[in-house]
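The sequence shown begins at 3 in the numbering used here and counts up one residue at a time. Glycine included, every Cβ here is placed at the ideal spot set by N, Cα and C.
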Amino acid sequence: MNGVILSMPLDMHLHLRDHEMLEVVAPLTAHTFSGALVMPNLVPPVKTRDAVIAYRKRILDAVEGHNDFEPYMTLFFDASYDKAFLQELRDDILALKLYPAGITTNSQGGVAHFDIETLRPTLEAMSELGIPLCVHGETNGFVMERETEFMTIYARLASEFPNLKIIMEHITTQAAVELLELYENLYATITVHHLLITLDDVAGGLMQPHLFCKPIAKRPQDRAALLDVALRAHPKVMFGSDSAPHPQHAKESCGCAAGVFTAPIALQLLCDIFDRHDALENLQAFVSTNAENIYGICPAFKEVTLIRQPFLVPEKYGSVVPMYAGQTLPWSIGSVQ
Ligand code: DOR
Ligand code: ZN
């Protein structure tokens, strides 16, 4: 096949940041995606209805001209939220995002102790209101085991709150793939970089700061498990890029910021991966239909045609170095309608 048409592509985990960075990165996603789930880890985090509404407006201003792009908003989880508070902003958000405190960029205000009783009132309110919970599932244990260690927390949340949709964000391990099968209310997003790289690509040779992210890429068998469910578009998994832009100086420095910037090349890379594995017929479900079903959303019409034509990845977008900067990818965006 030399051309692929994708309808209503969705990126169900995206960092758009704010201000100048937002101006640079938001139009790149709005060009090829119908919608994206926007993460709330700004400084300060998005924790009120006013903050959600104001941030959504700044995003829409930044993507002016792309009327066919919907920023699906999230609220930064806090165990102090009660049902009345959540009810008021129910229609302004698609999900809440829970970060363990300090686990990643701008997550200091996250959950410090996974004491179910402390979390219960908010999680029960979310279940009743039908608001999904997106989770950054890592402990602060040994870096290669952080996600696997978190599986017991996912299992407890899933069994204690059976009516709560829980999305395990950016899964990187075989353990997470296996857990998906055990609880009906567990779902997952998968990034494109975790389908491509392992820890070897990050730190096996010279250190590659632009591939450093949280959760860190894992072992070949973990990548194989992710590829397996993504390529067959398992109905409980969906694409979420976790594209996380940082300025070049914050990546190429001592104390490298975590995040891989893939937004402008995500569809081209996915097309290549699914093509190489003879699975192009499942790409539509992975990049759109599954998310529509899981979240019950109906995005604006957009049709993206990808063509088998070399695409030279720019060295930079503004101050941000993308994954595979300066390299040539086999697939390009042909047209967007
Ligand atoms: O690598 C990451 N970068 N992982 C996250 O969870 C957050 C993100 C960011 O916001 O930079
Ligand atoms: Zn993220």
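Distance between Ala-114 and Leu-197 (C-alpha atoms, nearest Å)
Taking the straight line from one Cα to the other gives about 30 Å.
Distance CB(Lys-99)-CB(Cys-136) smaller than 8 Å:
yes
Straight-line Cα distance separating Arg-225 from Thr-175:
One C-alpha to the other measures close to 7 Å.
Residue range of the beta strand (DSSP E) that includes Phe-163
Per DSSP, Phe-163 belongs to no beta strand (DSSP E) and is neither H nor E.
I'd like to know whether the C-beta atoms of Leu-39 and Leu-131 end up nearer to each other than 8 Å.
no
Do Leu-77 and Val-54 have their C-beta atoms closer together than 8 Å?
yes
Any idea what DSSP makes of Met-75, helix, strand or coil?
strand
DSSP state of Ile-192 mapped onto helix, strand, coil
strand
Contact check, Ile-199 vs Leu-213 under 8 Å by CB: the rounded distance?
6 Å
Just list the residues that DSSP pairs Val-262 with in beta bridges.
Ser-245
Does the beta carbon of Ala-260 fall short of 7 Å from some heavy atom of the ligand DOR?
yes
I need the DSSP call for Tyr-319, collapsed to helix, strand or coil.
strand
Buried or exposed by the 16-neighbour rule on C-beta atoms within 10 Å, applied to Cys-256
exposed
I'd like the span of the beta strand (DSSP E) that includes Met-23, first residue to last.
Not the beta strand (DSSP E): Met-23 falls in the alpha helix (DSSP H), residues 21–34.
Would you mind working out which of Asp-117, Thr-50, Ile-105 sits nearest Arg-92, comparing C-alpha positions?
Thr-50
Rounded Cβ spacing between Glu-317 and Ala-302 (contact assumed at less than 8 Å)
With a Cβ gap of about 32 Å, Glu-317 and Ala-302 do not count as contacting.
Taking CB distances under 8 Å as the criterion, tell me whether Pro-11 reaches chain C.
Among the chains in the structure shown there is no chain C, since it carries only a single protein chain.
I want to check one thing, is the minimum distance from the CB of Asp-244 to the heavy atoms of the ligand ZN below 7 Å?
yes
So, for Leu-229: in the same chain, excluding its five sequence neighbours on each side, which residues have a beta-carbon less than 8 Å away from its beta-carbon?
Leu-197, Ile-275, His-279
If we count the other Cβ atoms within 10 Å of its Cβ and call it buried at 16 or more, is Cys-300 buried or exposed?
exposed
When the distance is taken between beta carbons, is Thr-307 closer than 8 Å to Gly-336?
yes
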